[in-house]
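In this note's numbering, the protein residues as written are 0 to 73. Reading through the structure tokens given below for one structure.
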């Protein structure tokens, strides 16, 4: 792999990738949270032990950058 020069476009692309990954992780954590009641009837949040895989592909074509999630390569 060659080192790409640090340009404004590259920084924007990397920021978009990072934000997409953080958003996907936050969504996964949100969806894995389950509400339940303890013995006193209080609502508590418990996280399940599910592992969520995040695979993204960055495609640059005709000067445009697209971030595709796994299975969305069309």
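Where is the CB? At the ideal position from N, CA and C, for every residue including glycine.
Sequence-distant residues of its chain with Cβ nearer than 6 Å to residue i (five each side left out)
i	result
residue 65	58
residue 22	none
Same chain, Cβ closer than 7 Å to residue i, five either side skipped, listed in chain order
i	result
residue 6	none
residue 13	none
Contacting residues, own chain, Cβ-Cβ under 8 Å from residue i (five flanking each side not counted)
i	result
residue 61	none
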